[in-house]
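Going by the UniProt record's numbering, the sequence shown opens with residue 1, and the numbers climb by one from there.
Presented below is the structure to which this report refers.
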Amino acid sequence: MRPDPLTAFFEMLSVERNASPRTREAYGQDLLDLRNHANVDADGLLTLGESDIAGFFAALDARGLASSTLQRKRAAVRQFYRFCVREGLSDTDPSRKIAAARKGRPLPKILSREEVDALIAAADAKDAHQATRLQCLIEIAYASGMRVSEIVALRLDAVQKDPAYLIVKGKGGTERLVPLNPSARAAIKDYLDIRPLFLGAKDKANPYLFCSRGAQGHLTRRRVGQLLDEAALEAGIDPARVSPHVLRHAFATHLLEGGADLRVVQTLLGHADISTTQVYTHVATERLKEVVETHHPLSKRRAG
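Quick look at the structure:
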């Protein structure tokens, strides 16, 4: 007597793959969704063809589910049919030729140029020394596209000679040049004048640009995030839209909007794969589309 295919499949998940109860439960619901869609029982799953599976996948796509949920449901179906073929329960795998869903990548959150300016101006709400440091930090982030981990690890000797570029060691120990515009260089100069005020009496040899009296010797990423949240509130921007990484996104997007070459932006960001950088072209395109639809005379005329 042929074993029940679903029972056999879940035994395999438990014994061979040591799948958690939560995973088995989720896969069970996913395969139940397929059964309900095709109106078949467990044995009936083995009678489905490619068109049935394609129809089910299309129905999933149309439901507006989260990308991770879509991926899991497709994975459950594929693994089930591969198991059935391997165990001799079925001669064919109807999911084999159906293209897998591409994992969606949400578009990065960015700020407009005006919002970046407002964020820098809002730093003035702090006391003079705190304001100077925060303005310097924001200017560097926006001018260079550096990661927050790279910014807080900047060493004092890297900026003391007013450089136009910094040499940054990024992920994997790779080095790259990042630019500093005149505004960022001026902000660094102003901050260097008051930097000693952030040092302890016995910490004059601290090597970091953004020094701190904490255990790490420099500002933490968490503290930078808190400072940006405070500046966002002062600027009238939702703090949920502001983070060190959002400034990196703004740097890349605004460069592309200004006509920069994608390969140049890839190099500046330190991306190993250009496909990682290409997401910013989508953001720039959407922003330009919004500008045209909002401000072009023909768009206004048609709307009227």
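All C-beta atoms in this analysis are idealised placements derived from N, C-alpha and C, irrespective of residue type, glycine included.
Remember, predicted model here, so these are calculated numbers, not experimental data.
> Mapping DSSP to helix, strand and coil, what is Glu87?
Replying inline: Position 87 of the sequence shown, counted from the first residue, corresponds to residue 87. Glu87 falls in the coil class under three-state DSSP.
>> As a quick exercise: from Lys161, Gln160, Ala141, pick the residue whose alpha carbon is nearest that of Val152.
In response: Taking the sequence shown and counting its residues from 1, one reaches residue 152 at position 152. Checked all of Lys161, Gln160, Ala141; the closest Cα to Val152 is Ala141.
>> Going by DSSP in three states, Glu175 sits in which element: helix, strand or coil?
In response: If you number the sequence shown from 1, residue 175 lands on position 175. Glu175 falls in the strand class under three-state DSSP.
> Taking DSSP as the reference, what is the three-state secondary structure of Arg63?
Replying inline: Taking the first residue of the sequence shown as 1, we reach residue 63 at position 63. Reduced to three states, the DSSP call for Arg63 is coil.
> In chain order, what residues of the same chain lie with their CB nearer than 6 Å to the CB of Leu48, ignoring the 5 residues before and after it?
Replying inline: Looking up residue 48 in the sequence shown gives position 48. So the qualifying residues of the chain are Ala38, Pro94.
> Identify the residues that DSSP records as bridge partners of Arg155: which are they?
Replying inline: By 1-based counting over the sequence shown, the position of residue 155 is 155. Paired residues: Tyr208.
> If we count Cβ pairs, one from each stretch, closer than 8 Å, do we get three or more for the segment 3–14 versus the segment 80–91?
Replying inline: The segment 3–14, when compared against the segment 80–91, does touch it at the 8 Å Cβ threshold.
> Are there 16 or more other CB atoms within 10 angstroms of the CB of Ser144, so buried, or fewer, so exposed?
Replying inline: On the sequence shown, position 144 is the one that residue 144 refers to. That one is buried.
>> Per the DSSP calculation, His37 is bridged to which residue(s)?
In response: By one-based count along the sequence shown, residue 37 stands at place 37. DSSP lists no beta-bridge partner residue for His37.
> Just the Cα atoms here: how many angstroms apart are Ala62 and Leu233?
Replying inline: Within the sequence shown, the letter at position 62 stands for residue 62. Within the sequence shown, the letter at position 233 stands for residue 233. In a straight line, the C-alpha of Ala62 is about 38 Å away from that of Leu233.
> Where does Ala76 land, buried or exposed, given buried means 16+ other C-beta within 10 angstroms?
Replying inline: Translated into positions along the sequence shown, residue 76 becomes position 76. By the beta-carbon neighbour count (other beta carbons within 10 angstroms, threshold 16), Ala76 is buried.
>> One question on the structure: do Val178 and Met146 come within less than 8 Å of each other, judged by their Cβ atoms?
In response: For the purposes of this step, residue 178 is taken as the residue at position 178 of the sequence shown. For the purposes of this step, residue 146 is taken as the residue at position 146 of the sequence shown. Between Val178 and Met146, the CB-CB gap stays under 8 Å.
> Roughly how many angstroms separate the alpha carbons of Leu31 and Pro239, rounded to a whole number?
Replying inline: Position 31 of the sequence shown holds residue 31. Position 239 of the sequence shown holds residue 239. Each residue's Cα considered, the two are about 41 Å apart.
> How is His218 classed by DSSP in three states: helix, strand or coil?
Replying inline: Sequence index remark: in the sequence shown, residue 218 carries index 218 (1-based). In the three-state DSSP reduction, His218 falls in the strand class (E or B).
>> On the CB-based measure, 16 or more other CB atoms within 10 Å of its CB, does Asn18 come out buried or exposed?
In response: Translated into positions along the sequence shown, residue 18 becomes position 18. Exposed, by the Cβ-count rule.
> Within this structure, are the beta carbons of Leu180 and Tyr191 separated by less than 8 Å?
Replying inline: Walking along the sequence shown from the start, residue 180 turns up at place 180. Walking along the sequence shown from the start, residue 191 turns up at place 191. No, the Cβ-Cβ distance between Leu180 and Tyr191 is not below 8 Å.
> Would you call the segment 262–273 and the segment 154–163 in contact, with 3 or more CB pairs under 8 Å?
Replying inline: Output reads no: the segment 154–163 does not touch the segment 262–273.
> What is the rounded straight-line gap between the Cα of Cys211 and the Cα of Lys202?
Replying inline: For the purposes of this step, residue 211 is taken as residue 211 along the sequence shown, with counting starting at 1. For the purposes of this step, residue 202 is taken as residue 202 along the sequence shown, with counting starting at 1. Between Cys211 and Lys202, the C-alpha separation is close to 13 Å.
> Using the C-alpha atoms, what's the distance from Arg35 back to His245?
Replying inline: The residue given as residue 245 occupies position 245 in the sequence shown. The residue given as residue 35 occupies position 35 in the sequence shown. Between His245 and Arg35, the alpha-carbon positions lie close to 43 Å from each other.
>> At 4 residues or longer, what runs of the alpha helix (DSSP H) sit wholly inside the segment 245–277?
In response: Those alpha helix (DSSP H) runs which fall completely within the segment 245–277 and span 4+ residues are 262–269.
> How long is the line joining the alpha carbons of Thr23 and Thr69, rounded to whole angstroms?
Replying inline: One-based indexing of the sequence shown puts residue 23 at position 23. One-based indexing of the sequence shown puts residue 69 at position 69. Cα to Cα, the separation comes out at about 12 Å.
>> Out of Gln135, Ala187, Thr277, Leu45, which one is the CA nearest neighbour of Ala118?
In response: For the purposes of this step, residue 118 is taken as residue 118 along the sequence shown, with counting starting at 1. Looking from the CA of Ala118, the closest CA among Gln135, Ala187, Thr277, Leu45 belongs to Gln135.
>> Could you check whether Gly217 and Asn206 sit closer than 8 Å to each other, using their CB atoms as the reference points?
In response: Stepping through the sequence shown from its first residue, residue 206 is reached at position 206. Stepping through the sequence shown from its first residue, residue 217 is reached at position 217. Yes, the pair counts as a contact, with Cβ atoms nearer than the cut-off.
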